[in-house]
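Take 1 as the starting number for the sequence shown in UniProt numbering and just add one per residue. The C-beta atom is built at its ideal place from N, Cα and C for all residues, glycine as well. Predicted model, so just to flag it, every value in this text is computed and none were measured. Let me begin by presenting the structure, written as structure tokens, before commenting on it.
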Amino acid sequence: MLAASANIPNYTMDPALLLDFARPLDVALLDQVVTTFYSSHGVQQQQAQQLLTQFQDHPDSWTRADKILDESRVMQSKYLALTILERLIQTKWKVLPEDARTGIKGFIVQRVISTSQTEATLSRDDRQFLGKLNLVLVQILKQEWPHNWPNFIPELVSASRTSVPLCENNMAILKLLSEEVFDFSAEAMTQVKVRNLKNQMSIECSQVFDLCMEVLNSATQKSLIIATLATLHRFINWIPLGYIFETPLVALLTSKFLGVLEFRNLVLKCLTEIANLDTVEMVQRAAAANPDALPGGASAAQQQQEAIDKLYSDMFVTAMGQIAAMVPLETTNFETRWEDGDNEEQEFIQNLALFLTTFLGKHMKVLERDNVNVSLYAHRCLAGIARVDEREVFKVCLEFWAKWVKDLYDDSLQQPAGSTGNRPDVLNLGLTSLQPNAAAVPPGTRRREMYAPILSEVRVVAIERMVKPEEVLIVENDDGQIVRESMKEVDTIVLYKSMRECLVYLTHLDPRDTEDIMLRKLTRQIDGTEWSWANLNKLCWAVGSISGAMNEDHEKSFLVQVIKELLGLVDMKKGKDNKAVVASNIMYVVGQYPRFLKAHWRFLKTVVKKLFEFMHETHEGVQDMACDTYIKIAQKTRKQFTVQQSGEQRPFIEEILEDLAKITSDLQPGQVHVFFEATGYLVASQANEQMQERLVLGLMQLPNHAWDAIMQQAASNVPVLENLDMVRNLTNILRTNVSACTAIGSGFRIQMERMFTDLLGLYRAASLAITKHLQADPVTGFGRPIVRSLRSIKKETLKLVECYVTRAAEVQELAVTMVPSMLEACLGDYAQNPPQARDAEVLHVVASVTNRLGKYMHAQVGPILESVFSCTLEMINKELIEYPEHRVGFFKLIEALVKSSFPAVLELPPHVFQALINSIVWGFKHTMRDIGNRSLDIVAELFDNMAKSPADLANRFYQAYYMQLLQDVFFVLTDNEHKFGFNGQVKVLMRMMQHVTSGQVQCALVPDQTMPNVAYLRNHLVSILTSAFPHVAQKAVEVFVVGMFELNKDFASFKPHVRDFLIQIKEAAGGPGSADDLYLLEREEELKEVSKQKHRADLMVPGLVRPADREDDSD
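Right, here's the structure in full:
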């Protein structure tokens, strides 16, 4: 109990008295504490929070809620009371005495009624409070309705007709109820309960719908109409189709309310929901559920669908007539309306985009058949909206365009070429064209011809809105300066990929129009009418994005024209910033057209030489982009560099290697590494082994010369590792080797053989030097530049070995030659070093090598674990934060051993194997997502491998670890801190159940077991789960356990079954005869049917069912 404190002044009484539930509650004192919490800070706020938390957590706190709600003058106190009640209803409702449940329900209902009756005079805070009251009432409904409150809907509808404010609030309650049942139920209610509530709402929705129609037909109060439209919006996606298409609802929405400023946004949302309905599936499902309703069978269902299509068409025509009156295209500039509009206007434009894209996406073929001009008007409207300066609005339009243009492209591939002379009149798009059947699509006319003007407009918008691709490294910052981009925007990259795909299809549909638009815009860059960095960037990104979309000859003429104009522009523009922008765009464009470059060697050579020139340009970002463009070109055109081209004296790669020092002279180390990787791709393309070896040595000549010089100094007893510049130079050389090896792969062998001995010697020497520095300065030594650089040498050495081993071809040879020496050097060093000096890269490298070498690593598994297992575990098992890289590396290594060297793992001494299992268990109990999920993957791999292991080994594993692992899996499964691992936990649990039910486990799970494994495990699980969750009914536990045995072959069924149980353990069970019992009986019947179906399927396979398990067929 919290003691009174002088740090919290001005309390009329000791605030700790609030926790004495034997005394009457002092509401004024509670208000003071709540006010202190919300208005103070520091110690006062912390003490108030502690007291309020204790008050809220007290098991009897709910008994004070009514008094707080009646007497408190502080709104936050009332919220506290409602929160207490809400938690009570969600977790303990079923164990409350009936009179308590009745009392709470009556109190909340009366408070909702009394508060809503005064809605016209409610303040904003009071309205929010009423919303919270409604939410609490809905929580009660989820527990009581329909079994214990069958008349709720009739009572609510009847009450709504007595008072406009009450009706308005009841609409809000119905909206909340629909959301809770249909939208947010997956994590809060069991499958059976959700299904029952959905069925009940469907049964009773007619009364609610009638009430909504009454309001829409006769109400005059705008707030009531808004509340009704909001409720309908939530109902539309689940009510039967008849309520939508066989009533005046659509006509009311489109004709009466869409044109009214206050209602248009909600109406558009309703129409969007209607447009998005999967009517085909709903009609088919209704026909299957009630065959008598459609006596004509499939043909009658088809007729019904055609009637619905007609209604959809009429709805859209009427809606577009209203929209055309609100936003006439001839006079509407959506960009201006967005910029000048308030929130409501901007929401209207966004909702209009959603409505148009949804309807056109679902029902375009119907419109094209009956009302083509309405469809064209809608497309034009959408193209105007897409110009709005709001990315989310543009993404809505783009998502539709991407599907639409792909559909047009697919359609054009299937149809014969149409006549261009019969194009429908698409110019008369005024209001007069928005009439039904104003123009039908003439037979044989191609859809892409009909949409040609719209598609051209979309091309312009897409080009003008183009976003930065991932490859572009120099951008304009907020200060208008051209700088290298420091961080890539994931959202922009995703958007670029969508825009690129859209532009590719647009180009396929009309490559000539795409070319004309782009060249016109390029001309305007040159003449200055549209010149700006942003405009040029977008245009060039668009040009680069359509690579491959034109035929080769067309692409050639187009690209030559673009490059010619851009080269002229770079000469014409003054100032380094302007030239840098144009240069970066030239590099980007040429890098996107490898097909053209492959076919035109002289142009390719010219481009590459230009890139080499840019590598000497010191303006920020230009060198980076030149190097990145070079590597992109090298990856796509590599073979062109290693053959002797016509008119050349030698392969161009030889010229590059000869001039390598000159080309890279102005590059920074990181840029040099990119250059070496790019050139490495060229070297790797040489198929002749001897010639490739010569090229490798030629590429590595410069770093090898520097390496040899340092090694010679070291051999002459020069203390090179005490010289910071030399240490950094060594690190740079190693990184250069890593870059080259990344590209060359197994062909890097000659270089690795050349330096491997020195490499290991350097690793050991660096480790000794680090130890020497730390002995001299154990406190601050780790932070010294020389120590950090020495550790970089070790890390880069490990990366180089990993890079080569994971790409080498002769893995068996490596397992005998290079790998043992490498492991000897790094494992012993790792074990002997203090924790702070152990490199996590050792764990990562050993894991990668194990995965690559597989069975050839079996002999190394014991030494590996002996060197790194215990010492690493001691570093990471004390707490959950320190050494994060070591944690990841540790479990990555265990995963590699279990996955790639499992036979060797099985041969480990028992105490080592036990420690390995314990560490895996500790891993999936870890609260770091990556480690927890990886450890669960290891358990799944462990069981998969056991299924393929000899029976005696597998049985020893099952007897020793099955029950322990099962209990530990249930621990994380039912723990809130491990919710992130739910999918992995369920997969492991399903596998474990499968191993028992399939007979894979052939031994007794525990000593002295007297019954079969399935029966024993079933009883055991019921026992431990009942003990762990005594508030859950035993019947619920039994149904859950039965389901695990029946459903473990289908993850889609097993996962929601487990989720149901996790929902059940959050609340106390009801007594006999409660709604819970009914839900459990229904679930039990479902599981019995699953079992029967499996048995019937097994009977079809002779011998699969034992004679003892077959029905008596003696007759």
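* Starting from residue 593 and walking both ways along the alpha helix (DSSP H), at which residues does that stretch end? -> The count along the sequence shown starts at 1 and reaches residue 593 at position 593. No alpha helix (DSSP H) holds residue 593; DSSP gives it neither H nor E.
* In terms of residue numbering, what span does the alpha helix (DSSP H) encompassing residue 244 cover? -> Counted from its first residue, the sequence shown places residue 244 at position 244. Following the DSSP letters along the chain, one finds residue 244 inside the alpha helix (DSSP H) bounded by residues 241 to 245.
* Asked: If you check the beta carbons only, do residue 744 and residue 707 fall under 8 angstroms apart?
  -> Numbered from 1 along the sequence shown, position 744 holds the residue referred to as residue 744. Numbered from 1 along the sequence shown, position 707 holds the residue referred to as residue 707. No, the Cβ-Cβ distance between residue 744 and residue 707 is not below 8 angstroms.
* Asked: What number of angstroms, rounded off, separates the C-alpha of residue 147 from the C-alpha of residue 164?
  -> Working through the sequence shown from its first residue, we reach residue 147 at position 147. Working through the sequence shown from its first residue, we reach residue 164 at position 164. Approximately 29 angstroms between the Cα atoms of the pair.
* Along the chain, where does the alpha helix (DSSP H) that runs through residue 338 open and close? -> Working through the sequence shown from its first residue, we reach residue 338 at position 338. Counting along the chain, the alpha helix (DSSP H) containing residue 338 begins and ends at 334 to 340.
* Asked: Alpha carbon to alpha carbon, what distance is there between residue 223 and residue 69?
  -> In the sequence shown, residue 69 corresponds to position 69, counting from 1. In the sequence shown, residue 223 corresponds to position 223, counting from 1. About 27 angstroms.
* Asked: Given that a residue counts as buried once 16 or more other Cβ atoms are within 10 Å of its Cβ, and exposed if not, what is residue 465?
  -> Counting from one through the sequence shown, the residue named residue 465 turns up at place 465. Burial call: buried.
* **Beta-carbon contacts of residue 949 that lie in its chain and below 6 angstroms, excluding the five residues immediately before and after** => As a working note, residue 949 is residue 949 in the sequence shown. Same-chain partners within the cutoff: there are none.
* For the stretch 867 to 937, which segments carrying the alpha helix (DSSP H) assignment without a break, of at least 4 residues, lie completely within its bounds, in sequence order? -> 884 to 900, 902 to 906 and 910 to 924
* Asked: Between 1046, 740 and 510, which lies nearest to residue 997 when the distance is taken from Cα to Cα?
  -> Counting from 1 along the sequence shown, the entry for residue 997 is found at position 997. Of 1046, 740 and 510, the residue nearest in Cα terms is 1046.
* Asked: Which class does residue 703 belong to by DSSP, given the choice of helix, strand or coil?
  -> Residue mapping note: residue 703 aligns to position 703 of the sequence shown, counting from 1. Helix.
* To do: With DSSP as the reference, label residue 38 as helix, strand or coil.
  => If you number the sequence shown from 1, residue 38 lands on position 38. Looking at residue 38 - three-state DSSP - the assignment turns out to be helix.
* Compute the Euclidean distance between the alpha carbons of residue 843 and residue 941, then round it to the nearest angstrom. => Within the sequence shown, the letter at position 843 stands for residue 843. Within the sequence shown, the letter at position 941 stands for residue 941. Going from the Cα of residue 843 to the Cα of residue 941 covers about 20 angstroms.
* Nearest to residue 398 by alpha carbon, out of 368, 986, 354 and 594? -> As a first step, residue 398 is located in the sequence shown; it is residue number 398 there, counting from the start. Cα-wise, what sits closest to residue 398 is 354.
* Between which two residues does the alpha helix (DSSP H) harbouring residue 384 extend? -> Sequence index remark: in the sequence shown, residue 384 carries index 384 (1-based). Taken as a continuous stretch (DSSP letters only), the alpha helix (DSSP H) holding residue 384 covers 372 to 385.
* Asked: DSSP three-state call for residue 363: helix, strand or coil?
  -> The residue labelled residue 363 in the question sits at position 363 within the sequence shown. Residue 363 falls in the helix class under three-state DSSP.
* **Alpha-carbon to alpha-carbon, residue 958 and residue 136** => As a working mapping, residue 136 is identified with position 136 in the sequence shown. As a working mapping, residue 958 is identified with position 958 in the sequence shown. Roughly 49 angstroms between the two C-alpha positions.
* With DSSP run on the structure shown, which of helix, strand or coil describes residue 767? -> For the purposes of this step, residue 767 is taken as the residue at position 767 of the sequence shown. DSSP places residue 767 in helix when its eight states are reduced to three.
* Can you tell me which of the three DSSP states residue 550 falls into? => Working through the sequence shown from its first residue, we reach residue 550 at position 550. Coil, per DSSP.
* To do: Report the rounded CA-to-CA distance for residue 448 versus residue 649, giving the unit in angstroms.
  => As a first step, residue 448 must be located in the sequence shown, where it is residue number 448. As a first step, residue 649 must be located in the sequence shown, where it is residue number 649. If you take the alpha carbons of residue 448 and residue 649, they lie about 51 angstroms apart.
* Asked: Within 10 angstroms of its Cβ, does residue 880 collect 16 or more other Cβ (buried), or is it exposed?
  -> The sequence position of residue 880 within the sequence shown is 880, counting from 1. Residue 880 should be labelled exposed.
* Could you pull out every unbroken beta strand (DSSP E) segment of at least 3 residues lying fully inside the stretch 763 to 839, listed in chain order? => none
* Does DSSP put residue 628 in a helix, a strand or coil? -> The sequence position of residue 628 within the sequence shown is 628, counting from 1. Three-state DSSP puts residue 628 in a helix.
* Asked: How is the alpha helix (DSSP H) around residue 189 delimited, first residue to last?
  -> On the sequence shown, position 189 is the one that residue 189 refers to. Careful: residue 189 lies outside any alpha helix (DSSP H) and carries neither H nor E.
* Asked: Is DSSP giving residue 318 helix, strand or coil here?
  -> Looking up residue 318 in the sequence shown gives position 318. Here DSSP, grouped into helix, strand and coil, assigns residue 318 to helix.
* **residue 837 versus 772, 255 and 920, residue with shortest Cα-Cα distance** => On the sequence shown, residue 837 is found 837 positions in, with the first residue counted as 1. The option with the nearest alpha carbon to residue 837 is 772.
* Compare the beta carbon distance of residue 244 and residue 236 with 8 angstroms and say whether it is the shorter of the two. => On the sequence shown, residue 244 is found 244 positions in, with the first residue counted as 1. On the sequence shown, residue 236 is found 236 positions in, with the first residue counted as 1. Contact: yes.
* Range covered by the alpha helix (DSSP H) that runs through residue 616 -> In the sequence shown, residue 616 corresponds to position 616, counting from 1. Careful: residue 616 lies outside any alpha helix (DSSP H) and carries neither H nor E.
* Asked: Three-state secondary structure (DSSP) at residue 330?
  -> What you label residue 330 is simply residue 330 of the sequence shown in a count that begins at 1. Three-state DSSP puts residue 330 in coil, outside helix and strand.
* Should residue 937 be labelled buried (16 or more other beta-carbon atoms within 10 Å of its own) or exposed? -> Your numbering for residue 937 matches position 937 in the sequence shown. That one is buried.
* Select from 670, 697, 719 and 695 the residue whose C-alpha is nearest the C-alpha of residue 739. => Counting from 1 along the sequence shown, the entry for residue 739 is found at position 739. Of 670, 697, 719 and 695, the residue nearest in Cα terms is 670.
* Backbone CA spacing between residue 1028 and residue 742 [nearest angstrom] -> Looking up residue 1028 in the sequence shown gives position 1028. Looking up residue 742 in the sequence shown gives position 742. Taking the straight line from one Cα to the other gives about 53 angstroms.
* Do residue 630 and residue 596 have their CB atoms nearer than 8 angstroms? -> In the sequence shown, counting from the first residue as 1, residue 630 sits at position 630. In the sequence shown, counting from the first residue as 1, residue 596 sits at position 596. 8 angstroms or more divides the Cβ of residue 630 from the Cβ of residue 596.
* State the DSSP-derived secondary structure class of residue 263, mapped to helix, strand or coil. => Walking along the sequence shown from the start, residue 263 turns up at place 263. Coil.
* Asked: How would you label residue 432, buried or exposed, when you count the other beta carbons within 10 angstroms and need 16 or more for buried?
  -> Taking the sequence shown and counting its residues from 1, one reaches residue 432 at position 432. Here the model assigns residue 432 a pLDDT of 38, short of 50, so the residue's position is not dependable, and the following value carries that caveat. Per the 10 Å Cβ criterion, exposed.
* Report the rounded CA-to-CA distance for residue 451 versus residue 894, giving the unit in angstroms. => Counting from 1 along the sequence shown, the entry for residue 451 is found at position 451. Counting from 1 along the sequence shown, the entry for residue 894 is found at position 894. Approximately 59 angstroms, taken between the alpha carbons.
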